[in-house]
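Right, one structure below, let's go through it.
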Amino acid sequence: METQELLRILACPRCLGSLTALEEHGNLAGLACAACQLVYPVKDHIPVMLPEEAIERTAWDARSPADAEKA
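Residues in the sequence shown are numbered from 441 upward in steps of one, following this note's numbering.
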């Protein structure tokens, strides 16, 4: 499924806000909600849309390159 198509059908499970794609090294790495400032990580090409797995946007942006590779 294309990223843009995915973004049209998914919503933030916490606040139902719209999501934007975050890329790292040309790959989809997370889906970010501008309304509640949470990022849902993408693991093995699958978005993990569980609020308990979400990362605050400030923490996501502050991750080191090594941490980003683990996500």
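All C-beta atoms in this analysis are idealised placements derived from N, C-alpha and C, irrespective of residue type, glycine included.
Exposed unless 16 or more other CB atoms sit within 10 angstroms - verdict on Leu471
Locating residue 471 in the sequence shown gives position 31, counting from the first residue. Burial is judged here by how many other beta carbons sit within 10 angstroms of a residue's own beta carbon; Leu471 has at least 16 and is buried.
Minimum C-alpha distance to Gly466 - residue among His485, Arg497 and Leu478
The count along the sequence shown starts at 1 and reaches residue 466 at position 26. Taking only the C-alpha atoms, the option nearest Gly466 is His485.
Between Cys455 and the ligand COA, is the CB less than 7 Å from at least one heavy atom?
As far as ligands go, the structure on display features none, and thus does not contain the ligand COA.
Just to confirm the assignment, what range does the alpha helix (DSSP H) spanning Ala499 have?
Position 59 of the sequence shown, counting from 1, holds the residue named residue 499. Counted as a single uninterrupted DSSP element, the alpha helix (DSSP H) harbouring Ala499 occupies residues Arg497 to Ala502.
Measuring alpha carbon to alpha carbon, tell me which residue in Thr460, Tyr480, Cys455 and Val488 is nearest Ala499.
Position 59 of the sequence shown holds residue 499. Measuring C-alpha to C-alpha distances from Ala499 to each of Thr460, Tyr480, Cys455 and Val488 identifies Tyr480 as the nearest.
For the candidate residues Ala502, Pro453 and Val482, whose alpha-carbon lies nearest to that of Pro491?
The count along the sequence shown starts at 1 and reaches residue 491 at position 51. It is Pro453 whose Cα lies nearest to the Cα of Pro491.
Closest residue to Ile495 among Leu462, Ala502, Thr460 and Leu478 (Cα-Cα distance)
As a position in the sequence shown, residue 495 is number 55, starting the count at 1. Measuring from the Cα of Ile495, the nearest candidate turns out to be Leu478.
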